[in-house]
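Notes for the one structure printed next.
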Amino acid sequence: MQALNSSPLGLRQQSERTSGGVLRPASTFGVLATALLLLFGGSAAAQESSREAALFFSDVVNYQNAGEFDLAADEWKKFIEKFPTDPLAAKAQNYLAVCQLQLKKYVDATTNFETVLKKYPQADFREEAMLNLASANYAWAQSGNPAKYAEAAKRFTALLKEFPQTKFADQAYYFLAESLYMNGQQEDSLRVYDQLAEKYPQSPLAPDAIYAKGVTQEELKKYADAEKTYDQFLAKYANNALATEVTMRKGESLLQQNQFAAAEKLFELAASKPGFELADHALYRLAFCALQSDDLLRAGNQYARIPHEFPKSGYAPEATMLAGRCYYRAGRLDDAANWLKSAGRQGGKYEVEAGHWLAQVYLQQGKAADAESLAKAVLPKAQGSEFLVALKMDMADAVYDQPNRRTEAIGLYRRIAQDHPDQPEAPQALYNAAFAALETRDFGLASSLADEFARKYPQDESKLDAMYVGAEAKLQTDQLPAAEQSLKTLLAEGNQRPEAARWQLRLALTQYLQSKYADVEKTVGTLLPNLNDPDLVAQANYLLGASAFQLNQFEKAQQSLAASVKASTTWPQADEARLMLARTMNQRGQVSQAIAAAEEIVAAYPNSQILDQVQFRLGEFLFAAERFAESAAAYQQVLTKSPQSTLVPHALYGQGWAYLKQPNAAKADLAFSQLIGQFGQHELTIDAYTGRAIARRAAGKFPEAIQDLNVVIAKSNNPTQKLEAEYLKGVSLVDSKNPIEAEKVFAALHQQTPSFASDDKVLYELAWAQRSQNKNDEAAATFQTLAQAHPESALAAEAMYHVGESLYAKQDFAGAEKWYAQSSAKSQTAEIGEKATYKHSWALYQQDKTQAALQGFGEQVTKYPNGPLTSDAIFMQGECFFKDKQYDVALESYGRVDPKRLSSDEMRSLLWLHAGQSASQQKLWGEASKWYAQLIDQVPDSPLVGEAYYELGWAAYNQQKTPEAIRYFDQAAEASRGLAGARARFMLGEIYFEQKKYEEATSQFKRVVYGFGGENSLESVKPWQAKCAYEIGRCSEVQIRGADTAKRTEFIAEAKKFYGLVRERYPESPEAKLAQTRLDALAQL
C-alpha cells in the first residue's frame, strides 16, 4: 500500500496509461514504413532498365503494395542477384529493407538500409532511406534490444543534419528525443523536445513533445520546470485530449514542491472533469494534499469519496482504509472504527493494516480485550506484511493494559524486539519491556533490557526514559558505571524535569560507590544550596562527608557529616551517617568521642542493618585507645551476633592482635588459626600467618613459626612482608644448587633488595637459571629488568641482545629493533656487537625498512669485515635491493657473496634463486639459468627446487626454447605441490594451447584444478586454479566452431561447466567476471 506521505504513481507508468500512444507507440514505425512504400510504389522502370528488369520490378512492387512482404522480400533478393547493375537495383535494395522492416527483421533491414546509403549516396530516395534506417533501429530497440536506442538517436541526428528541411523533420525530432530518453539521456531529450515544439508548432506531434518534456522533467525531479512546461501546454493546447491529464500533472508538480493548496485546486478540477479516466487518481491526490495540510477530517472525507464515487477504482480499498486512519488521527474514533471495519471486511492487501489501526482505536477506547482478540485474529494473515510488527505491538499493549497480565506483556514486548530488531517498533517494544520489568520489580531484567536499549537505539526519542529505567535498575544490581552514565545523560538532557534533584543525588551515590569522591563533591556542591527537603539535605551532606573522608579530608568530612546528622535522624541512612561521623572523629584523634558516638549508635539503632560495622569500628576505636581487652570483646560481638558478616575475618584478625597486645599468645594463636582455617583465601590470611608466627615464636613454637613464615614467603605479594619473613626464617636456602631453588633465591633477593650492589649479577644469574628451565619469557623479562635497572653494567649489552631475541622470536620486530640498537651501541665485545648489528638490520628488514636495513648491513660489514656473519650481511644487502626491485644492484651484491660462508642451506638456496630472478628481471636469461642450476645441483633437497625448475622453464620459454621449457616446467610440477607446481602446470597448458593441442592443454589445466589438494589447496594456489578452470573453458570454446553437432554440444557443456566452476568456486577472482561473460555468450548458442 501507499503510506499517507507517499509519492505519486510512477510518471512513466501513467504516461503509458494515459497518453494515447504519445510515448513510443508500437505501431508508429509501421506507418512510416508504409508511407515510404506508397511513395515509391508507383515508380516505373527507368528508361535505362531492360524490359525484363522493368517487368520483374513492377511485379515485385505489386507484391509489396499488396502487403505480401515475405514474398516481396524474396523477390527483391532475386532481382538484386539477377540485375545487380540495373538502374533499378538501388530501389530494389531499398524496398528489400522496407519489407524486412515490415517483417520486423531488424538486423537485415538495418544492414540493407546501410548498404543502400553507402552504395548509392546520390539516390533520390536517400532522405527516406535515412529516416527508415533510424526508424528500423528505433523499432529494433522497442522490440527488446534497448542498446539500439543510441543507434536510433545517431541516425535521426544524421538525417536532420543532412536534410535539415526534411518533410519528416517533426517526426525525426520527436523520435530522436524519444530515443535519447529511452537511452537514459533525459537531459538531452529535453533540448530536442523544445526544438520540435519551437520549429514545428503546428505539427500534430508538438503537443505530444511538450507533454513528454513535462513528464521527463517530473522524472528528473525538476518539478518547477515541469510546472512551466505544463502551463505552456495548457496555454497552447487547451482543447487537446491530454489537457485534463496535463492539468493533473501540473498538480503533481505543485504537490512535489509542497504547494498543496494550489495542487489541490488542480486535482479538484481534474477529478470533476466528466469522463476523465484518471479522476480517481486525481481525487486520491486531492485527499493527500488535504492530509499534507494537516486537515485530517477533510482528508478523511475526500478519501471516503473514492469508494463512494468510484467503487471499482483500484484506489477504493486503500482509500477506505485511509479514511479510517484520518478519522482516527482526527479523534473521530467511532467513524474510524466503521471505516476500518469496512476496510478489513474487504480483505486483500489492506486487511492487515486496517486491523492494526482498528486495534489502536479499541485501545484508545479502553477496549483492551477487544484489541487483543482482533490482533489475534489478524496476525495469522500478517506474515510478510509491513504491519506484522505493529499488530504484535497491539497485542502486547492490549495484554499490558490488563494489569494482572503485565509479566506476560514483558515476554511479548521482548519477543518483538528480538524478532524484529530493525523495525521502527523495536525501540518502543524494548523500552516497554524494561519499564514493565521495573514495575514488576524484576530489577536484573529491567537493567539488562535498558542496557540493551542503550546499545541498540542510542538516538531513539525514548532514550531518556530508558536511561531512567536502566539507572534505577542498575543501582539495584551494582552496574554502577552504566548507572552513572545514564544519570549524567538524564541530567544533561532533562535538567528541567522535577525529578532532577533526586537524579543528581542518585548520580552522586553512583560516583561515591565507584570511589569518585571528587566528582561527588562537584555533583552535590551545586545542588545543596537549593535543597529544602530535610531528608535530601541529610543525604547530600552525607555524600559530601563520606567522600571527604575517603579523600582524607577529615575536618571537612566532620563538618558535613555533623550537618547530615543534624538535618534528619529518620532518613534511611541516618545510622550510616553517624557511623561515618564516628570514624572521622577517630581519624582526627578524637578517640574518646568516636567510642562514645559508636556506643550511641548501638543504643539508638539496635536493629540497624549495619550493626556489625558499628561493633567492628568500636573494636578499632578501643584498640587505638589501648583498651585491648575491651577491643577484643567488641570484636567478639561481631563474631557472636553477626556470624555471616563479611567483617568476621577482619574481626578475628583485630581480635588476634588485641590478644597479642595484652599479651595473651595462646588466645592470639587461636584467633589467627580460626581466620586461617575458615577463610583460607581471604586477603588477610597471609597477614594472619605472620601474626600467628609471632604468637608461636612468643610461645616458643619455632618449627611451627617457620612453617607459617614459609607460607608467607610462598604466598605474599608484599615485598616488604616477604623481606621480613626471609629475615625471620634466615638465608639458608641461598646455598641450594638446584636451579629451581636458585631461581627462588635470586628472585627473592631482587624483590626484597633492589638496591643491592650486585643486583645486575643477581638478575643475570636469575635469567640464566630461568632459561635453564626453559622459562624463556621469564628470562627475557629478567634480562629486560637488568638492562633497564643497570644500563651501565658490563652485562647490559648482552641482556639487551637477549631481550631483542625474545621479541624477534615473537615477530615483534619494532620492539626487537629498539633493543638490538641499544645492544649494538652498548656492546664492548665484537661477538655481541656483530650479532646485535646483524639482527638490528634484520629487524628493520622485517618491517620493510629496506634502506635502513641496507645501511645497517653495510655498517656491519665495515665494522666487522672478518666476522662470522659477514657473508650473511652481504647476502642480506642483496635481499634489500631485491625487495626494492633494484634487480641490477641486487645481482651485483649476490655476486659478492661466498656461498660457503653463508650460515645455512636455506640462505644458500635463496641466494641462487633470488640471484637468478634478479637476472631474469633484466632478461639475462642465460645468466639466470646458471644461478638456478647451482641451486638444483648444490641443494637438491631444498624446498625451492621446484621454483628453480619453474624459473628455468620461464627462461627457456622467453628464449623460444619451447621443448626445453616444457621439460623444466614438467620437472617443476613434479617437484612442487605448491605455487611453483601450479604455475608450472599452467604454463604447460598455455604452451599446448598456443600449439592448439587443446587436449594436452586441458589435461594440464585440470591437474591444477583438481590436484594440489583440489578445493583444499593452499591459498597461493587458488588463483591459479581459477585461471586454469577458465582456460579449460577457453580450450573447449575455441573448438566449438569447427566441431560436428555431437562434439559441439560436448564442447559447449564442457566450457559451461568450467566457466561455472570459476564463477561458483572463485567468485572474487578476476576470471569470475570473464567467465560470466562467456557463460552469457554461450547461453545465446
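Residue numbers (the UniProt record's numbering): 1 to 1085. Ideal placement from N, C-alpha and C gives every residue a C-beta, glycine not left out.
Have a look at residue i and residue j and give me their C-alpha separation to the nearest angstrom.
| i | j | result |
| --- | --- | --- |
| residue 683 | residue 414 | 42 Å |
| residue 1112 | residue 814 | Residue 1112 is absent from the model: the chain starts at 1 and stops at 1085. |
| residue 112 | residue 96 | 7 Å |
| residue 371 | residue 358 | 8 Å |
| residue 901 | residue 999 | 49 Å |
| residue 465 | residue 457 | 12 Å |
| residue 367 | residue 380 | 21 Å |
| residue 173 | residue 179 | 10 Å |
| residue 1021 | residue 974 | 15 Å |
| residue 733 | residue 790 | At residue 733, the pLDDT of 38 sits below 50, so the modelled position is not reliable; the number obtained from the coordinates is stated separately. So the alpha carbons of these two residues sit roughly 26 Å apart. |
| residue 12 | residue 185 | Bear in mind that a pLDDT of 32 at residue 12, under 50, signals an unreliable position, so the number given afterwards is only what the model happens to contain. Using only the alpha carbons, I get a separation of about 15 Å. |
| residue 976 | residue 965 | 16 Å |
| residue 229 | residue 239 | 16 Å |
Are residue i and residue j closer than 7 Å when you measure CB to CB?
| i | j | result |
| --- | --- | --- |
| residue 577 | residue 561 | yes |
| residue 797 | residue 823 | yes |
| residue 337 | residue 344 | no |
| residue 807 | residue 799 | no |
| residue 547 | residue 512 | yes |
| residue 263 | residue 254 | yes |
| residue 665 | residue 675 | no |
| residue 614 | residue 579 | yes |
| residue 350 | residue 318 | yes |
| residue 591 | residue 621 | yes |
| residue 260 | residue 282 | no |
| residue 526 | residue 480 | no |
| residue 443 | residue 418 | no |
| residue 134 | residue 152 | yes |
| residue 250 | residue 227 | yes |
| residue 1028 | residue 1005 | yes |
| residue 524 | residue 540 | yes |
Just mark residue i as buried or exposed, buried being the case when its beta carbon has 16 or more other beta carbons within 10 Å.
| i | result |
| --- | --- |
| residue 1016 | exposed |
| residue 110 | buried |
| residue 1047 | exposed |
| residue 222 | buried |
| residue 55 | exposed |
| residue 1081 | exposed |
| residue 1085 | exposed |
| residue 1018 | exposed |
| residue 1002 | buried |
| residue 132 | buried |
| residue 389 | buried |
In the structure shown, what three-state DSSP assignment does residue i receive?
| i | result |
| --- | --- |
| residue 370 | helix |
| residue 766 | helix |
| residue 457 | coil |
| residue 435 | helix |
| residue 338 | helix |
| residue 68 | coil |
| residue 218 | helix |
| residue 301 | helix |
| residue 1071 | helix |
| residue 38 | Bear in mind that a pLDDT of 36 at residue 38, under 50, signals an unreliable position, so the number given afterwards is only what the model happens to contain. Three-state DSSP puts residue 38 in a helix. |
| residue 1100 | Absent from the structure is residue 1100, since the part of the chain shown begins at 1 and ends at 1085. |
| residue 104 | coil |
| residue 650 | helix |
| residue 753 | coil |
| residue 664 | coil |
With hydrogens ignored, establish whether the beta-carbon of residue i is closer than 6 Å to any heavy atom of the ligand ATP.
| i | result |
| --- | --- |
| residue 267 | The ligand ATP is absent from the structure shown, which contains no ligands of any kind. |
Three Cβ pairs or more, each shorter than 8 Å: is that satisfied between the region 892–901 and the region 869–876?
Counting Cβ pairs under 8 Å, three or more are found: they touch.
Would the region 640–647 and the region 598–608 be scored as touching if the rule is three or more Cβ pairs under 8 Å?
no
Using a Cβ distance threshold of 8 Å, determine whether the region 952–961 contacts the region 913–925, with at least three qualifying pairs required.
yes
Counting pairs of Cβ atoms below 8 Å between the region 204–214 and the region 162–169, do you hit three or more?
Below 8 Å, too few C-beta pairs join the region 204–214 and the region 162–169 to call them touching: fewer than three.
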